[in-house]
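Residue 186 is where the sequence shown starts when you use the working numbering, and the numbers rise one by one after that.
Glycine is no exception: its CB is placed at the ideal position from the N, C-alpha and C atoms.
To keep things clear, I will list the structure first and then write my remarks on it.
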Amino acid sequence: MSASPRLVILDTDPGVDDALALLYLRARPELKLLAITTVFGNADVETTTRNALWLRQRLGLSAPVHRGAASPLSGQRGAAPVHVHGQNGLGDIDLAGPPLPPPDAGAAHERMIALTRANPGAVTLVAIGPLTNLALALRAAPDIAGLVAGVTIMGGAFARGNVTPYAEANIHNDAKAAAEVLAAPWPITLVPLDATRSCVLSTSAARGAGGFVEAVTRGYAAAYAAHEGLDGCPLHDVAALVSLIAPELFTDRRNAVRVTQGGERHGQTRWTQHGTPARVLLEADGAHLVEHFLRSAAPL
Ligand code: BDR
Ligand code: CA
């Protein structure tokens, strides 16, 4: 008999690669999606929540969608990266369809706490946006650190950032939240740009996949071609989910991580001797990860 699926809460800012992460999750029997929680990041939280509701309908998912933080713990939200994720956050694909319901009741961080307490030792939080909701959950209920099965985060950069030479977007968007989350005594797997940059879905593979994958990645791939000279687009957020199912595709290092706040290096992730060691996935077998994603992502 196969093992029972791992319970996942996906904290997300959809987002083109977030959409692909949901497409992947939907296809994997090893994972059971308990809830989708939203956060600002790739767009404002009204837009990322609308996108999560639209994706739930488009992908035929049944998990509740809970709206989360609209801005970082301190300071103003930065400008949305419309040059990467489009004006609508989903590569400017047509979002027409039946009317969308409102988000489900309960704030994102409150539902994270309630679902974690209701399933002690069984819930994995997978964060693929800024870490504000996770920090709010920890502040309100520090006990959840000892109750989660794990926390998997797409974020950070040890060699080179993407929004600045030093910082990766999810950490840079709320460096204070990231610092609190990375300092907490819970089992963290960090999936930084160092690994995800090698997981590139080429434009020809996206065209081969057709349908939703091709449409949603078109503008995103054009942005990566213009800004990073890539042929295709990195599957940052997909890689975080793949690490739960195919850990053999990654090379890891166990070390505590801290986050720089303020100044030119704001949002940089650095090694430290102090605090809880995280499992940091520093390299990925990108070619096999992309193959694995394409095998999983049923045509849509
Ligand atoms: C991360 O930032 C967002 O733009 C992506 O969705 C991903 O989560 C990559 O730096
Ligand atoms: Ca994201």
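In this structure, does DSSP put A431 in helix, strand or coil? Numbered from its first residue, the sequence shown carries residue 431 at position 246. Looking at A431 - three-state DSSP - the assignment turns out to be coil, as it is neither helix nor strand.
If I measure Cβ to Cβ from V348 and keep anything under 6 Å in the same chain, skipping five residues before and after, which residues do I get? Counting from 1 along the sequence shown, the entry for residue 348 is found at position 163. So the list reads A354, H357, once near-sequence residues are dropped.
How far does the alpha helix (DSSP H) with I298 in it extend, from its first residue to its last? As a working note, residue 298 is residue 113 in the sequence shown. That run of the alpha helix (DSSP H) goes 293–303.
Hey, how far is the Cα of H303 from the Cα of G260? Within the sequence shown, numbered from 1, the residue matching residue 303 stands at position 118. Within the sequence shown, numbered from 1, the residue matching residue 260 stands at position 75. In the sequence on display, residue 303 carries Ala and not His. Rounded to whole angstroms, A303 to G260 spans 33 Å at the Cα level.
Between which two residues does the beta strand (DSSP E) harbouring E413 extend? Working through the sequence shown from its first residue, we reach residue 413 at position 228. From DSSP, E413 is part of no beta strand (DSSP E) but of the alpha helix (DSSP H) over 396–413.
Give a single yes or no on whether I194 has its beta carbon closer than 7 Å to a heavy atom of ligand 1. Residue 194 sits at position 9 when you count from the first residue of the sequence shown. Flag unset: Cβ of I194 not near ligand 1.
Euclidean distance between Cα positions of E295 and A322: The count along the sequence shown starts at 1 and reaches residue 295 at position 110. The count along the sequence shown starts at 1 and reaches residue 322 at position 137. When rounded, the distance between both Cα atoms is 7 Å.
Quick one, which of G306, H270, A380 has its alpha-carbon nearest I329's? In the sequence shown, residue 329 corresponds to position 144, counting from 1. Measuring from the Cα of I329, the nearest candidate turns out to be G306.
Below 8 Å on the Cβ atoms is my contact criterion, and I expect T317 with A362 to pass it. Report the Cβ-Cβ distance as a whole number of Å. If you number the sequence shown from 1, residue 317 lands on position 132. If you number the sequence shown from 1, residue 362 lands on position 177. So it is a contact: roughly 5 Å between Cβ atoms.
Opening and closing residue of the alpha helix (DSSP H) in which E476 lies: In the sequence shown, counting from the first residue as 1, residue 476 sits at position 291. It spans 471–481 - the alpha helix (DSSP H) in which E476 sits, taken as one unbroken run.
Environment of E468 [buried if 16+ CB atoms lie within 10 Å]: For this step, residue 468 is matched to residue 283 along the sequence shown. That one is exposed.
In chain order, what residues of the same chain lie with their CB nearer than 6 Å to the CB of P372, ignoring the 5 residues before and after it? Taking the sequence shown and counting its residues from 1, the one referred to as residue 372 is at position 187. Excluding positions up to five away in sequence, the list reads G335.
Looking at the structure shown, is W371 part of a helix, part of a strand, or coil, going by DSSP? Here the question's residue 371 lines up with position 186 in the sequence shown. Of the three classes helix, strand and coil, the one that applies to W371 here is coil, per DSSP.
Taking only runs that begin and end inside the segment 300–347, name each unbroken alpha helix (DSSP H) of 4 or more residues, in chain order. 317–325
Check whether the Cβ of P315 lies closer than 8 Å to any Cβ atom in chain D. In the structure shown, chain D does not exist; there is a single protein chain.
If H451 and A342 are in contact, beta carbons under 8 Å, what's the gap, nearest whole angstrom? Position 266 of the sequence shown, counted from the first residue, corresponds to residue 451. Position 157 of the sequence shown, counted from the first residue, corresponds to residue 342. At roughly 13 Å, the Cβ-Cβ gap does not stay under 8 Å, so H451 and A342 are not in contact.
Chain-order list of residues whose beta-carbon lies under 6 Å from that of N236 (same chain, five-residue window excluded): Numbered from 1 along the sequence shown, position 51 holds the residue referred to as residue 236. Taken in chain order, the residues that qualify are P199, G274, L275.
Let me check understanding here. Comparing Cα to Cα, which of V269, G245, E231 lies closest to R252? By one-based count along the sequence shown, residue 252 stands at place 67. R252 has its Cα closest to that of E231, out of V269, G245, E231.
Per-residue DSSP class, three states only, for I356: Your numbering for residue 356 matches position 171 in the sequence shown. If DSSP states are grouped into helix, strand and coil, I356 belongs with the helices.
Could you check the C-alpha separation between L479 and V465 for me, to the nearest Å? Reading the sequence shown from its first residue, position 294 is the one you call residue 479. Reading the sequence shown from its first residue, position 280 is the one you call residue 465. Spanning the two alpha carbons is a distance of roughly 25 Å.
Which of the three DSSP states, helix, strand or coil, is assigned to H268? Residue 268 sits at position 83 when you count from the first residue of the sequence shown. Of the three classes helix, strand and coil, the one that applies to H268 here is helix, per DSSP.
With which residues is C418 paired in a DSSP beta bridge? Counting from one through the sequence shown, the residue named residue 418 turns up at place 233. Note: C418 sits in a beta bridge opposite L386.
Let me check understanding here. Comparing Cα to Cα, which of P327, P288, G282 lies closest to A298? The residue given as residue 298 occupies position 113 in the sequence shown. For the sequence presented, residue 298 should be read as Ile rather than Ala. When only C-alpha atoms are compared, the closest one is P327.
Cα-Cα, which of P287, I194, E215, R213 is closest to W145? Lying outside 186 to 485, the shown extent of the chain, residue 145 is not represented and no answer is given.
How would you write the range of the beta strand (DSSP E) that T197 sits in, first residue to last? Here the question's residue 197 lines up with position 12 in the sequence shown. Note, T197: beta strand (DSSP E), 191–197.
Return the Cβ separation of R443 and P462 in integer angstroms, given the expectation that the two are a contact with Cβ distance under 8 Å. Position 258 of the sequence shown holds residue 443. Position 277 of the sequence shown holds residue 462. That pair is no contact at about 12 Å.
Which residues mark the beginning and the end of the alpha helix (DSSP H) in which T461 is found? For the purposes of this step, residue 461 is taken as residue 276 along the sequence shown, with counting starting at 1. Note, T461: premise wrong, no alpha helix (DSSP H); not H, not E.
Per DSSP, D437 forms a beta bridge with which residues? The residue labelled residue 437 in the question sits at position 252 within the sequence shown. Its beta-bridge partners are L466.
Across which residues does DSSP place V250 in a beta bridge pair? On the sequence shown, position 65 is the one that residue 250 refers to. Partner(s): I221.
Can you grab the Cα-Cα spacing for the pair M186 / A212, in whole Å? If you number the sequence shown from 1, residue 186 lands on position 1. If you number the sequence shown from 1, residue 212 lands on position 27. Any reading at M186 needs caution, since the residue's pLDDT is 43, under 50, leaving its predicted position unreliable; the model's value is listed next. Distance between the alpha carbons of M186 and A212: 19 Å.
Contact test: D437 Cβ vs ligand 2 heavy atom, cutoff 7 Å: Locating residue 437 in the sequence shown gives position 252, counting from the first residue. Every heavy atom of ligand 2 is 7 Å or more from the Cβ of D437, so no.
Distance between F435 and S428 (C-alpha atoms, nearest Å): If you number the sequence shown from 1, residue 428 lands on position 243. If you number the sequence shown from 1, residue 435 lands on position 250. The alpha-carbon atoms of S428 and F435 are separated by roughly 7 Å.
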